[in-house]
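Numbering (our numbering), first residue to last: 16 to 165. Just so it is clear, CB atoms sit at the ideal spot from N, CA and C, and this is done for glycine as well.
Shown next, in the form of structure tokens:
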């Protein structure tokens, strides 16, 4: 289980370092381009998480950012997600808590990121919090760069 945790943490390259250091609330006076980025990233995150909930872990890895792919192989990603996500059971509910645009996150190159928090409930874990880090890649597509659940 310790090894699985390390792999999941590798997948979540940016999440652990960001907890408590970023304002997760969307700023009221943020430029329109940032608000649009947050909306697009949140939409793409939800599509990715639908596949995660369906157990399509290989597809999740394929659609993840290059950062994730460089950090962990598809096989390790699949086994880690099975070990961490499957025991929680079926998704009961997921509610967007907050989303925030930033260009700087500790421990990763500067770029465009959206940090998204969800209040989530599963069959076997009625109270959970999911954090998804979305990264805008060179092709201008938002992809998952980190996923963390507690």
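Within the region 38-108, no run of beta strand (DSSP E) reaches 3 residues while sitting entirely inside it. Per the DSSP secondary-structure output, residue 160 pairs with nothing in a beta bridge. Less than 8 Å divides the Cβ of residue 164 from the Cβ of residue 99. Residue pairing from DSSP places residue 135 in a beta bridge opposite 109 and 143. The Cβ atoms of residue 160 and residue 94 lie no closer than 8 Å to each other. The beta carbon of residue 152 sits closer than 8 Å to the beta carbons of 80, 81 and 158 from its chain, once the five residues preceding and following it are set aside; these are given in chain order. DSSP, reduced to helix, strand and coil, places residue 123 outside both helices and strands of the structure shown, so it counts as coil.
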